[in-house]
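To convert, take the position in the sequence shown, counting from 1, and add 83; that gives my numbering.
Notes for the one structure printed next.
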Amino acid sequence: MVNKLKDIAVKTAIKYIKDNSIIGIGSGTTISHFIDILFAKKKNIKGLVSASKISTNKLKKYNFNIYKVNKIEKIGIYFDSADEINYKMQMIKGGGAALTNEKIISSIADIFICIIDESKYVKNLGLHPVPIEIIPLAKKFIIKKLLYIGAIAKPRINTITEHGNIILDVYKLNLYNPIKIEKYINNIPGVITVGLFTQRCADIVIIGKSNNTVSVIHKKS
Ligand code: 5RP
């Protein structure tokens, strides 16, 4: 069960779906609820591209049509949540370890709609650790490269990604310039995906608020 704030944000997000379209979805509790509402509202969609086995299994349970990423040229809208998002629409994602697929699928979408409760809308990114998916044998080397920029990386326990890799949760990263940090981490050999989304930002953020209202904010061009 998701909190009320996520619920009202999800119900607003669903309204953006166009009839007979193929949409993309991420993973996590918000998206799990999104799938329930999609089914309950009997939305007329052609199908979905999903970023995780958990989301896919739930979609199968409801008999939704599922498309493989490699079979699709483009998606109209990608729906997902985030661990944090700032006013520039840059995000930290990967709390659910699905960041690699989420980055790929959101990158083939025209529009990224991020659905959150108000606690995740922050002035500056960085209170939440930044997840990184890495090749296991590069662990020690990558931890050292992160220490070099003052960050502390901790392997996430009992977590193997769908690609057979591990996750490092990175604390104390200086995210004054998140674009630079995303590039720095992306360039470390052995890094598969960094959970900073500064190139593929959200286009629209839908925020459920404690006063029972929903804010919809569009990215400034
Ligand atoms: C998964 C994610 C999720 O979107 C993020 O962790 C938020 O999750 P939730 O919807 O459970 O609050 O990035 O990799």
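Idealized CB from N, CA, C, for every residue including glycine.
Cβ-heavy atom distance, residue i to the ligand 5RP, below 7 Å
i    : result
L182 : yes
G291 : no
S164 : yes
E265 : no
E216 : no
E185 : yes
S138 : no
G179 : yes
K141 : no
S110 : yes
K176 : yes
Sub-8 Å separation of residue i and residue j beta-carbons
i    : j    : result
I218 : N184 : no
I226 : I160 : no
I289 : I175 : no
S115 : K141 : yes
I120 : K94  : yes
E265 : V274 : no
I158 : A96  : no
L131 : K292 : no
K143 : F280 : no
S138 : I91  : no
F162 : F117 : yes
Cβ-heavy atom distance, residue i to the ligand COA, below 7 Å
i    : result
I114 : Although the ligand COA was asked about, the structure shown includes only the ligand 5RP as ligands.
Residue i burial status per 10 Å Cβ neighbour count (16 or more: buried)
i    : result
E167 : buried
E156 : exposed
I243 : exposed
I240 : exposed
A192 : buried
T113 : buried
P214 : buried
A236 : buried
P238 : exposed
I262 : exposed
K203 : buried
S304 : exposed
Spatial neighbours of residue i in its chain, beta-carbon cut-off 8 Å, leaving aside the 5 residues before and after
i    : result
Y267 : I232
N103 : N127, I128, K129
C284 : K171, M172, Q173, M174, F195, K302
Beta-carbon proximity list for residue i, same chain, < 6 Å, skipping 5 on both sides
i    : result
L220 : none
I271 : I225, K228
Q282 : none
A181 : S110, A134, S135
Cβ-based neighbour list, residue i, same chain, cut-off 7 Å, excluding 5 preceding and 5 following
i    : result
N86  : D200
K124 : I97
(request) Give a yes or no on contact between the segment 223-232 and the segment 165-177, applying the rule of three or more CB pairs nearer than 8 Å. (result) Short answer: they don't touch.
(message) With a threshold of 8 Å, are at least 3 pairs of Cβ atoms found where one atom belongs to the segment 196-213 and the other to the segment 139-158?
(response) With contact defined as three or more Cβ pairs closer than 8 Å, the segment 196-213 and the segment 139-158 are not in contact.
(request) Evaluate contact between the segment 288-303 and the segment 234-253, counting only Cβ atoms and requiring at least three cross-stretch pairs below 8 Å. (result) In the pairwise beta carbon analysis, the segment 288-303 is classified as not touching the segment 234-253: fewer than three pairs are separated by under 8 Å.
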